[in-house]
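>
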Amino acid sequence: MQINKLRGKELDQLFEAVLSLKDLEECYRFFDDLCTVNEIQSLAQRLEVARMLKEGFTYHKIETETGASTATISRVKRCLNYGNDAYEMALDRVHAEKKEEVGE
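Here you go:
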């Protein structure tokens, strides 16, 4: 894991703070204070690119719908193929929670 190089008290504190958030509204407030609008948009865009790649969309369709560069799409795809399976884990959990909300 690349992030292991950054492991330490400050990163632990950040992740613990994220894990302490209780709902979407708290997330909006926290990330509004923590990040710039562009940083938040970039994170959200990468997750959407991962979702679309996982669902089999083409680079062209992803680029058109998200505005992501082919470099970003390639990086996310590399993470999906050779990373820590975290995109898939998070997307699967969000999908499962949505299904529960709908009652499927």
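All you need for this note's numbering is the position in the sequence shown, starting with 1, plus 51.
The beta-carbon is built from N, C-alpha and C at its ideal position, and this holds for glycine as well.
#1: Can the beta-carbon of residue 72 be found closer than 8 Å to that of residue 78?
#2: Which residue comes first and which comes last in the alpha helix (DSSP H) that contains residue 73?
#3: Pick helix, strand or coil for residue 130, following the three-state DSSP scheme.
#4: Would you decide whether residue 101 is buried or exposed? Buried here means 16 or more other CB atoms lie within 10 Å of its CB.
#5: Compute the distance between the beta-carbons of residue 135 and residue 52, then report whether it is under 8 Å.
#6: Buried or exposed: residue 62, going by 16 or more other Cβ atoms within 10 Å of its Cβ?
#7: Work out the CA separation of residue 118 and residue 93 for me, nearest whole Å.
Reading off the structure:
#1: Here residue 72 is taken as the residue at index 21 of the sequence shown, counted from 1. Here residue 78 is taken as the residue at index 27 of the sequence shown, counted from 1. Their beta carbons are under 8 Å apart, which means residue 72 touches residue 78 by this criterion.
#2: Mapped onto the sequence shown, residue 73 falls at position 22. From DSSP, residue 73 is part of no alpha helix (DSSP H); its letter is neither H nor E.
#3: The residue you call residue 130 lines up with position 79 of the sequence shown. It is helical.
#4: Here residue 101 refers to the residue found at position 50 of the sequence shown. Residue 101 should be labelled buried.
#5: The residue you call residue 135 lines up with position 84 of the sequence shown. The residue you call residue 52 lines up with position 1 of the sequence shown. Cβ atoms of residue 135 and residue 52: closer than 8 Å.
#6: As a working note, residue 62 is residue 11 in the sequence shown. Flag for residue 62 reads exposed.
#7: The count along the sequence shown starts at 1 and reaches residue 93 at position 42. The count along the sequence shown starts at 1 and reaches residue 118 at position 67. Near 10 Å, if we compare the C-alpha coordinates of residue 118 and residue 93.
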